[in-house]
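Numbering of the sequence shown is given in this note's numbering, commencing with residue 1 and proceeding in unit increments.
Everything on this sheet refers to the single structure shown next.
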Amino acid sequence: MFDYQDTLHELNKNIPVGDKLLYVHNVLKQRYEYIDRIAIAVYDPKTDLLKTFLHSSGQDEPLNHYQASLADSPSLQEILQKNKPRVVSNLNIFKKGKHTHTQKIQQQGYASSYTMPMFIDNTFFGFLFFNSYHADAFNEESLHYLDIFGHLITMVVGHDLTSMRNLMATVKTAKDMAKRRDFETGAHLNRMAHYSRLIALKLADKYNFTDEYIEKVFVYAPLHDIGKIGIPDNILLKPGKLSDNEFEQMKTHTSIGKDMIDNILCNFDLENFTSTEILRNIAELHHEAVNGSGYPLGLKGSEIPIESRIVAVADVFDALTSKRPYKMAWDNQEAFAMLEKLAGEKLDGDCVSALISCQDEIKSIQERFSNNHSD
Numbered sequence: 001m002f003d004y005q006d007t008l009h010e011l012n013k014n015i016p017v018g019d020k021l022l023y024v025h026n027v028l029k030q031r032y033e034y035i036d037r038i039a040i041a042v043y044d045p046k047t048d049l050l051k052t053f054l055h056s057s058g059q060d061e062p063l064n065h066y067q068a069s070l071a072d073s074p075s076l077q078e079i080l081q082k083n084k085p086r087v088v089s090n091l092n093i094f095k096k097g098k099h100t101h102t103q104k105i106q107q108q109g110y111a112s113s114y115t116m117p118m119f120i121d122n123t124f125f126g127f128l129f130f131n132s133y134h135a136d137a138f139n140e141e142s143l144h145y146l147d148i149f150g151h152l153i154t155m156v157v158g159h160d161l162t163s164m165r166n167l168m169a170t171v172k173t174a175k176d177m178a179k180r181r182d183f184e185t186g187a188h189l190n191r192m193a194h195y196s197r198l199i200a201l202k203l204a205d206k207y208n209f210t211d212e213y214i215e216k217v218f219v220y221a222p223l224h225d226i227g228k229i230g231i232p233d234n235i236l237l238k239p240g241k242l243s244d245n246e247f248e249q250m251k252t253h254t255s256i257g258k259d260m261i262d263n264i265l266c267n268f269d270l271e272n273f274t275s276t277e278i279l280r281n282i283a284e285l286h287h288e289a290v291n292g293s294g295y296p297l298g299l300k301g302s303e304i305p306i307e308s309r310i311v312a313v314a315d316v317f318d319a320l321t322s323k324r325p326y327k328m329a330w331d332n333q334e335a336f337a338m339l340e341k342l343a344g345e346k347l348d349g350d351c352v353s354a355l356i357s358c359q360d361e362i363k364s365i366q367e368r369f370s371n372n373h374s375d
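The structure is reproduced here in structure tokens:
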């Protein structure tokens, strides 16, 4: 009576969404062995960027850690405008394409594709790609089957992203309710999140970061100082230097932040949501120092999770280059020099070098997310 095994039973498990995509791909290949790649790019409406997020093609992945403007992708824009999937039976039609993503797909040898736009509650959030090394791989029968699996993948990935965004919205609401205490501007949070992503992208090969990991560092980075909600106004908003006792109290924001996140996860039944450890580490450990002089745990070097080291550099750089009640904004070169001085002592040297190597991108972020234009 119980001999039959549910084909997609693995999707019920609490495993990373990337593993679920790989599992679905393996199930599909049992029926259509010519499906060689499933990939997802997520869309950021604030920057109009499509960013690689997940794929199931092993080492045969031409577009790891890649991003491109949707405005510069007319063929994808057409899919979105028509709100219909697209079949390309022979990718040679894009042989003369000038865009990097088109060229890399060609160079990898993919010959045909099926592309679906992805929506959560009628809101566009990315594209789903099925690729084959065979031309004319997709027929009416296989497309019907892929439609079913495509919507299943959309729901699985959408659930993961929705949980992540709900968590962020909950935390943001808690911050807004705390008397709208202006200890961080939206511009600061946007800038340091994008700096964090730059660092993670630069270090991706060395640390074997997946695109999913990079995206979650980017999304969670703005929540690093959530614990400051629990710090009294007379300390949090003090324009001058803190006393030793005040500074000790300020330092507790890291532990408060972790406790707040744990409580939110518990209250909203998100305790088993994958990747929450990244968020906890960012909130609790972004003031650890590589020489062990940081807080709250006095961790050293690689004992500090890499996401915490990434966010620390992004946060310090934006603090240096931002005007505060007690200081003028430093120019970028002054800030870079200070980061280099702190590298290997307070800050992670790899993270510092990664950020400094992105000077043009940093300027673009600063122009886009000035204090007068936070969105």
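Idealized CB from N, CA, C, for every residue including glycine.
Keep in mind the model is a prediction, meaning the values are calculated, not measured.
Sheet register partners of residue i (DSSP bridge)
i      : result
Met250 : Answer by DSSP bridge pairing: none, since Met250 is not bridged.
Gly126 : Val42, Met118
Leu87  : It is Val, not Leu, that sits at residue 87 in the sequence shown. Val87 is bridged to Tyr114.
Gln67  : Lys51
Ser132 : Ser112
Ala343 : Leu347
Lys300 : Asn291
Arg309 : In the DSSP output, where bridge partners are listed per residue, Arg309 has none listed.
Lys327 : Arg324
Arg37  : Asn131
Beta carbon of residue i nearer than 7 Å to that of residue j
i      : j      : result
Ser57  : Arg37  : yes
Asp44  : Ala71  : no
Gly126 : Ala41  : yes
Ile287 : Gly298 : At residue 287 the sequence reads His, which differs from the Ile that was named. Cβ atoms of His287 and Gly298: not closer than 7 Å.
Lys104 : Leu63  : yes
His224 : Ile282 : yes
Ser132 : Ile15  : no
Trp330 : Leu320 : yes
Ile356 : Tyr207 : no
Lys254 : Glu284 : This sequence places Thr at residue 254; Lys is not what is there. Result yes, Cβ atoms of Thr254 and Glu284 sit closer than 7 Å.
Contact set for residue i: own chain, Cβ-Cβ below 7 Å, skip 5 residues either direction
i      : result
Ile256 : Gly227, Gly230
Arg191 : Asp318, Ile365, Gln366, Phe369
Ala111 : Asn90, Leu91, Ser132, Tyr133, His134, Ala135
Ser322 : His188, Ala329
Leu28  : Ile35, Phe149
Cβ shell of residue i (< 6 Å), same chain only, five flanking positions each side left out
i      : result
Val290 : Gly301, Asp348
Ala337 : none
Cys351 : Ile199, Arg309, Ile310, Val313
Lys346 : Ala289
Gly292 : Gly298, Lys300
Leu68  : For clarity, residue 68 is Ala in the given sequence; the question names Leu instead. Hits under 6 Å: Leu50, His101.
Phe273 : Ser163
Pro222 : Leu189, Ala193
Within-7 Å CB hit, residue i to chain B
i      : result
Ser302 : Any reference to chain B falls outside this structure, which holds one protein chain only.
Alpha-carbon to alpha-carbon, residue j and residue i
i      : j      : result
Leu279 : Asp121 : 25 Å
Lys179 : Glu33  : Bear in mind that a pLDDT of 42 at Lys179, under 50, signals an unreliable position, so the model cannot answer this.
Ala204 : Pro296 : 27 Å
Ser75  : Ala187 : 32 Å
Thr7   : Tyr145 : 14 Å
Ile79  : Tyr114 : 11 Å
Glu61  : Gly240 : 52 Å
Ala343 : Gln333 : 15 Å
Gln245 : Lys13  : Before going further, note that residue 245 is Asn rather than Gln in the sequence given. Rounded to whole angstroms, Asn245 to Lys13 spans 47 Å at the Cα level.
Glu361 : Glu10  : 40 Å
His25  : Ile93  : 26 Å
Asp3   : Asp147 : 28 Å
Glu215 : Lys84  : 26 Å
Thr154 : Val217 : 22 Å
Glu248 : Asp233 : 15 Å
Gln59  : Thr210 : 12 Å
Residues near residue i in its chain [Cβ-Cβ closer than 8 Å; skip 5 each side]
i      : result
Thr123 : none
Stretch pair the segment 192 to 205 + the segment 304 to 324: three plus CB contacts closer than 8 Å: yes
Given 8 Å, three or more beta-carbon pairs between the segment 38 to 56 and the segment 20 to 27: yes
Contact between the segment 72 to 92 and the segment 132 to 141 (3+ Cβ pairs under 8 Å): yes
At least 3 beta-carbon pairs within less than 8 Å: the segment 265 to 275 vs the segment 157 to 167: yes
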